[in-house]
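S.K.: Residue numbers (my numbering): 142 to 636.
Sharing a structure with you now.
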Amino acid sequence: MPDIRVTYTGIVSFFLRLAVMAGNMAFLLVMTRSLSTDEYGAWGIIGSMLAYAVVAEVIVGYWVSREIARGKESGPAALATSGILSVGGTAAYVLLAVLVGAQSGADPYVLLLAAALVPLRYVQATLSKINLSWRPHTTSYALVVQSVLHVPLSLLLIYQLDWGIAGAVATVLAGQAACCAMLAAYAREKLRGRPDLGRARRWFRLSWVSIYPTIAAIIFRVDVLAVAALAGSVTLVASWTAVFTVAFTITHASQVATALYPRLLGGTGAAHVRDNMALFFYLGIPLAAVIIVLARPIMYALNPAYEEAHLALSILSVGMFLTALTAVLQLILEGNEDVDSGRSSGRDILGSRLFLVPTVNAVQYLGYIGALAAALLYLGGSVPDAQMLLAWACIATASRVPAVIYQYVLARRDVGLEVGASSVARYLAAAACAFGAVYLLQGGLPAAPLAELLPALLGLAAAGTAAYAAITCAIDGRARGLAAAAVRRMGRARQ
């Protein structure tokens, strides 16, 4: 994929994801202001169950992304196979909804409504993987359309018509359909022809390789279901879902590496690794700082009932920044791995980064779930939900540190990765100055009415970001280079 511009595509993808984030935050605001805490807790449980239901898609998505990046025409086989797998995924979701509904106290009929989302999730995931390895920026375009569509639909169905969870499901279903249509249009060149069943058979034969990385995701998603079952508190799940959803927006910083993965698979990406990592820190640090500093008014804006969760949000924001960093390191390690480019044995794959990286993630999440279960058994019922939420955030954040360190060591060994400690220190200092001032300026903001709070939040976030950009341009040559390149590109766009 020599025609993919790594830095340009990464920056475009990042800012498009900011637009996605804005739409998602608006959708979240409608949800938290319209649904009761029990209903929103049920929505959090639905999200965890959907993650389990679409696990099998990785059998297709894992291999089609690698094959298309290497010039192989796997699109038709991938889409057909994904459609077949979605039938089993839907059945698995229905069974899980019945079981979890009985254990958590959530209405099983409400949980069953979301089964309609499973088939489109399979199709969307597969189309995204196809585009990611060919035109990586197009996945962000489609997600922008999806998130923007969520806003008017949620206002109509959830806020105005008061459909509750049914309105949320209908909103997400419509957004997914629009996203799939757009992704299919972008990928149409890769979807022509008859499905090659030989490729599908190979994917299933090697499914142990593609499924193995999902073990970490399966373990990670146990947290919400474990809390719902052990603590029996849908309210605690609702607070965590709100905190996690806001903090998760920080992971969009990993989009700067969107184009790095296919370039590494194509054998031309190693020269871009250092610059891409520096770009991640430059854009990711202020994104995390905004949420950390404005955590209290953000949670109040979602719903005054969630205001006491602001400390958990600040702590988990650090954890989500580490999660984003891990995602970039994982792309580097797996993209640089070529064990599957030719004939290779199972022993070869077992000794490769394709197996080692998921193992590290699985061990990380096992430690997380073990520590969380211990905290639930020790503290559950004896402390308020706010303190349990804080402990949950601390455990989630601390569990990410060892994996980040180990994967950085691997990336340094494999591709000579250097993070540029002096530049990172300058970015951190600039963020401390810029957003420290924002923290002092917010004053009594959390108590303001929503109509005043939202513009004030946006204004403070914009002011802090502008101050950060100005400071970094003054003290860092790389930041000045990015600013100059942006100005040149805008100048050419006007011509």
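We treat Cβ as the ideally placed atom computed from N, Cα and C, and that holds for glycine.
Just so we're clear, the structure is a prediction, and the values are computed from it rather than from any experiment.
Could you pull out every residue in the same chain whose Cβ sits closer than 7 angstroms to the Cβ of Y402, ignoring the five residues on either side in sequence?
M.R.: Cβ within range, chain order: L472 and G476.
S.K.: Can you confirm whether L428, when its beta carbon is compared against all beta carbons of chain C, has any partner nearer than 8 angstroms?
M.R.: Included in the structure is just one protein chain, with no chain C present.
S.K.: Looking at the structure shown, is P143 part of a helix, part of a strand, or coil, going by DSSP?
M.R.: In this predicted model, P143 has a pLDDT of only 44, less than 50, meaning its place in the structure is not dependable; the value taken from the coordinates is given anyway. Reduced to three states, the DSSP call for P143 is coil.
S.K.: Going by DSSP in three states, P217 sits in which element: helix, strand or coil?
M.R.: Residue state, collapsed to three classes: helix.
S.K.: Are the beta-carbon atoms belonging to I352 and A503 less than 8 angstroms from one another?
M.R.: No, these two residues do not count as a Cβ contact at 8 angstroms.
S.K.: Going by DSSP, what residue range makes up the alpha helix (DSSP H) through T178?
M.R.: T178 to A194 is the extent of the alpha helix (DSSP H) around T178.
S.K.: Could I get the ranges of all uninterrupted alpha helix (DSSP H) runs contained in the stretch 228 to 301, with 4 residues as the minimum, in chain order?
M.R.: Listed in chain order, they are 249 to 254, 259 to 273 and 279 to 295.
S.K.: Which residues in the same chain as A512 place their Cβ atom closer than 6 angstroms to its Cβ, once the five residues preceding and following it in sequence are excluded?
M.R.: If we look at A512 and ignore the five residues flanking it on each side, its Cβ neighbours are I536.
S.K.: Taking the alpha-carbon positions, what's the A602 to S215 distance?
M.R.: Cα to Cα, A602 sits roughly 43 angstroms from S215.
S.K.: Which same chain residues end up closer than 6 angstroms to Y149 when comparing Cβ atoms and leaving out the 5 residues on each side of it in sequence?
M.R.: Once the five neighbours on either side are set aside, Y149 has no close Cβ partner at all.
S.K.: Measuring alpha carbon to alpha carbon, tell me which residue in V375, V501 and D617 is nearest L176.
M.R.: When each option's Cα is compared against that of L176, the closest is V375.
S.K.: According to the neighbour-count rule (16 or more other Cβ atoms, all chains shown, within 10 Å of its Cβ), is S563 buried or exposed?
M.R.: That one is exposed.
S.K.: Can you give me the start and stop residues for the alpha helix (DSSP H) that R553 sits inside?
M.R.: Residues V542 to V556.
S.K.: Mapping DSSP to helix, strand and coil, what is Y423?
M.R.: Helix, per DSSP.
S.K.: Assuming the contact rule is C-beta atoms closer than 8 angstroms, A430 and M440 should be a hit. Round their C-beta distance to whole Å, please.
M.R.: Between M440 and A430 the Cβ distance is about 16 angstroms, and since that is not below 8 angstroms, they are no contact.
S.K.: Cα separation between R553 and C321?
M.R.: Each residue's alpha carbon lies about 37 angstroms from the other.
S.K.: With a threshold of 8 angstroms, are at least 3 pairs of Cβ atoms found where one atom belongs to the stretch 341 to 349 and the other to the stretch 289 to 309?
M.R.: These segments do not touch.
S.K.: Taking the C-alpha atoms as reference points, what is the distance between A446 and H393?
M.R.: Spanning the two alpha carbons is a distance of roughly 27 angstroms.
S.K.: What number of angstroms, rounded off, separates the C-alpha of T280 from the C-alpha of T467?
M.R.: Near 21 angstroms, if we compare the C-alpha coordinates of T467 and T280.
S.K.: Please report how far the alpha carbon of A194 lies from the alpha carbon of R211, in whole angstroms.
M.R.: The alpha-carbon atoms of A194 and R211 are separated by roughly 29 angstroms.
S.K.: If you draw a straight line from the C-alpha of A571 to the C-alpha of F421, how long is it?
M.R.: One C-alpha to the other measures close to 15 angstroms.
S.K.: When DSSP labels each residue in this structure, what does A372 get in the three-state scheme?
M.R.: Reduced to three states, the DSSP call for A372 is coil.
S.K.: Taking the alpha-carbon of L457 as reference, which of W533, A160 and C574 has the nearest alpha-carbon?
M.R.: Checking every option, the nearest Cα to that of L457 belongs to W533.
S.K.: Report buried or exposed for L454, applying the criterion of at least 16 other Cβ atoms within 10 angstroms of its Cβ.
M.R.: When all chains shown are included, L454 counts as buried.
S.K.: Beta-carbon separation of P217 and R335 under 8 angstroms?
M.R.: Yes.
S.K.: Helix, strand or coil: which one does DSSP assign to Y353?
M.R.: Y353 falls in the coil class under three-state DSSP.
S.K.: Please report the residue range of the alpha helix (DSSP H) in which L338 lies.
M.R.: Here the alpha helix (DSSP H) through L338 covers L338 to R346.
S.K.: When we look at the beta-carbon of I426 and count the other beta-carbons within 10 Å, is it buried (16 or more) or exposed?
M.R.: It counts as buried.
S.K.: Answer yes or no: do A257 and L290 have a C-beta to C-beta separation smaller than 8 angstroms?
M.R.: Not in contact: A257 and L290 (Cβ atoms no closer than 8 angstroms).
S.K.: Should D364 go down as buried or exposed, given a rule of 16 or more other Cβ atoms within 10 Å for buried?
M.R.: Answer is buried; the Cβ neighbour count reaches 16.
S.K.: If you measure between the beta carbons of I187 and L261, is that distance less than 8 angstroms?
M.R.: No, Cβ-Cβ distance for I187 and L261 is not below 8 angstroms.
S.K.: Hey, L157 and E198 are a contact pair by Cβ (cut 8 angstroms); roughly how many whole angstroms apart?
M.R.: In fact, because the Cβ distance is near 23 angstroms, the residues do not count as touching under 8 angstroms.
S.K.: Can you name, in chain order, every residue of its own chain whose Cβ lies under 7 angstroms from the Cβ of S380, other than the five neighbours on each side?
M.R.: So the qualifying residues of the chain are Y447, A450, D526 and L530.
S.K.: For A436 versus L595, is the C-beta spacing smaller than 8 angstroms?
M.R.: Going by C-beta atoms, A436 is not nearer than 8 angstroms to L595.
S.K.: In chain order, what residues of the same chain have a beta carbon less than 7 angstroms from the beta carbon of S269, not counting five sequence neighbours either side?
M.R.: Hits under 7 angstroms: T280 and L324.
S.K.: From this set, W275, L371 and P543, which residue's C-alpha is nearest I209's C-alpha?
M.R.: The candidate whose alpha carbon is nearest that of I209 is W275.
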